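Visitor: Here our numbering is used: the sequence shown runs in plain steps of one and ends on residue 231. No residue lacks a Cβ here, since even glycine has one placed at the ideal position from N, Cα and C. Here the structure is a predicted model, which is why all the values come from computation and not from measurement. Pasting a structure below so you can have a look.
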Amino acid sequence: MKVFLLIFSFFILTLLGDEPNIVPPKIKIAVLCAPSVVGRYAQSSYNVALATFLSTNRPFELISYNINDESASSIAVALEKINNENVDGILAPLTLNGVKNLLMSGTDKLVFIPTVHKRDVESAPENFIFGAIDYQAQ
Numbered sequence: 094m095k096v097f098l099l100i101f102s103f104f105i106l107t108l109l110g111d112e113p114n115i116v117p118p119k120i121k122i123a124v125l126c127a128p129s130v131v132g133r134y135a136q137s138s139y140n141v142a143l144a145t146f147l148s149t150n151r152p153f154e155l156i157s158y159n160i161n162d163e164s165a166s167s168i169a170v171a172l173e174k175i176n177n178e179n180v181d182g183i184l185a186p187l188t189l190n191g192v193k194n195l196l197m198s199g200t201d202k203l204v205f206i207p208t209v210h211k212r213d214v215e216s217a218p219e220n221f222i223f224g225a226i227d228y229q230a231q
């Protein structure tokens, strides 16, 4: 969990920028997950995101997008809603199957996936950040 918190903090800082004298605009983050698939990890991810934002003292909006499953159609519908909300980034604690479907749907938003290592997907655009531990390297 500490590794997740550290990586997620870097994700947030990337979105926030580094100009301390300018009042930052409100940042909007979508949390895209299927609680029926990832279980309690969905709520834990939301809680870590909330705690991280609260510690920054910057205005934010954290929007939860719970989907029933990680099918391509469920993810596509959620992404359409997310794009209509004009969010700045997406936190997506999904399984490998969900990540593959998310990659097929595509998005230009910055996406942080804490549950899958980048080695587990063939290719991903630069706006996808993977945060899972590389168990093979350990």
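Suppose the cutoff is 7 Å on Cβ atoms and the five residues either side in sequence are ignored; what does the same chain contact list for asparagine 194 look like?
Guide: Counting only Cβ-Cβ distances below 7 Å, and skipping sequence neighbours, we find Glu163, Ser164, Ala165, Ile168.
Visitor: For the alpha helix (DSSP H) that contains asparagine 194, what are its first and last residues?
Guide: Looking at the DSSP string, the run of the alpha helix (DSSP H) that includes asparagine 194 is 189 to 198.
Visitor: How many Å lie between glutamate 173 and glutamate 215 at the Cα?
Guide: Taking the straight line joining both Cα atoms gives about 24 Å.
Visitor: Thinking C-alpha only, which one of Ser138, Phe146, Gly132 is nearest lysine 119?
Guide: It is Phe146 whose Cα lies nearest to the Cα of lysine 119.
Visitor: Quick check on asparagine 140: does DSSP put it in helix, strand or coil?
Guide: Here asparagine 140 sits in helix by DSSP.
Visitor: Cα-Cα, which of Ile175, Ile222, Val204 is closest to histidine 210?
Guide: For the residues Ile175, Ile222, Val204, the minimum Cα distance to histidine 210 belongs to Ile222.
Visitor: The beta strand (DSSP E) with isoleucine 122 in it runs from where to where?
Guide: From DSSP, the beta strand (DSSP E) with isoleucine 122 extends over 120 to 126.
Visitor: Could you have a look at asparagine 161 and say whether DSSP puts it in helix, strand or coil?
Guide: Residue state, collapsed to three classes: coil.
Visitor: How about isoleucine 206 and alanine 123: do their beta carbons lie closer than 8 Å?
Guide: For isoleucine 206 and alanine 123, no; Cβs fall outside 8 Å.
Visitor: Identify whether valine 131 lies in helix, strand or coil by the three-state DSSP scheme.
Guide: The answer is helix: DSSP assigns valine 131 an H, G or I state.
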